[in-house]
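J.: Dropping the structure in here first, questions after.
Numbering (this note's numbering), first residue to last: 1288 to 1436.
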């Protein structure tokens, strides 16, 4: 590698992990599929737990019915470094949406109820990593008992 050239490795880079390579990469296929499902149900409000790098926001922004997106992650520093993805692009001003879009990045956990994301139409956890199964019952309660009322 040439001196002074920085090599970036991300978790989504299938080339660094070995194994089969997909085109487009699997994470992009997941994001598109979830956005298509949200579009099919004309979802207006969605919360994505484990949003981390916020890459899925670009897919959710293109769902015309969505008016509110909350990206929630437990890692505040990753949210801070990715917050620019929640901001409008220049093209968003040139090609306005039919409905306004409100995006919030929140530090929190799927296992704890947060009134800021209460009563949403859909909950996604596309990139959420569940380290142990012990958190699943409290996550299920948080989602089904409080958020999707």
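From the three backbone atoms N, C-alpha and C, an ideal C-beta is built for every residue, glycine too.
Going along the chain, which residues of its own chain have a beta-carbon closer than 7 Å to the beta-carbon of residue 1426, five neighbours each way excluded?
T.: 1397, 1398
J.: Could you work out which residue in 1382, 1412, 1358 is closest to residue 1371 when comparing CA atoms only?
T.: Relative to residue 1371, the option among 1382, 1412, 1358 whose CA is nearest is 1358.
J.: Nearest to residue 1326 by CA position, among 1353, 1343, 1338, 1305, is which residue?
T.: Here the closest residue by C-alpha is 1353.
J.: For the alpha helix (DSSP H) containing residue 1357, name the first residue and the last one.
T.: Residue 1357 -> not in any alpha helix (DSSP H); beta strand (DSSP E) instead, spanning 1355-1360.
J.: Pull the bridge partners of residue 1378 from the DSSP assignment, please.
T.: None; residue 1378 has no bridge partner.
J.: Take residue 1394 as the anchor and find which of 1347, 1305, 1335, 1344 has the nearest alpha-carbon.
T.: 1335
J.: Where residue 1382 and residue 1369 are concerned, what is the direct C-alpha to C-alpha distance, given to the nearest angstrom?
T.: 23 Å
J.: For the ligand ADP, is there any heavy atom lying closer than 7 Å to the beta carbon of residue 1406?
T.: Among the ligands in the structure shown, none appear at all, so the ligand ADP cannot be discussed.
J.: Let me know the beta strand (DSSP E) ranges lying completely inside the segment 1322-1354, each 3 residues or longer, listed in chain order.
T.: 1332-1336
J.: Please report the straight-line C-alpha distance between residue 1430 and residue 1400, rounded to a whole angstrom.
T.: If I take the Cα positions, the gap works out to 8 Å.
J.: Kindly indicate which three-state DSSP category residue 1413 falls into: helix, strand or coil?
T.: coil
J.: Starting from the C-beta of residue 1356, find all residues in its chain whose C-beta is less than 6 Å away, skip the five residues before and the five after it, and write them out in chain order.
T.: So the list reads 1333, 1347, 1390, once near-sequence residues are dropped.
J.: Strictly under 8 Å for the Cβ-Cβ distance: is residue 1389 near chain B by that measure?
T.: Among the protein chains of the structure shown there is no chain B, as only one such chain exists.
J.: Taking the alpha-carbon positions, what's the residue 1373 to residue 1322 distance?
T.: 16 Å
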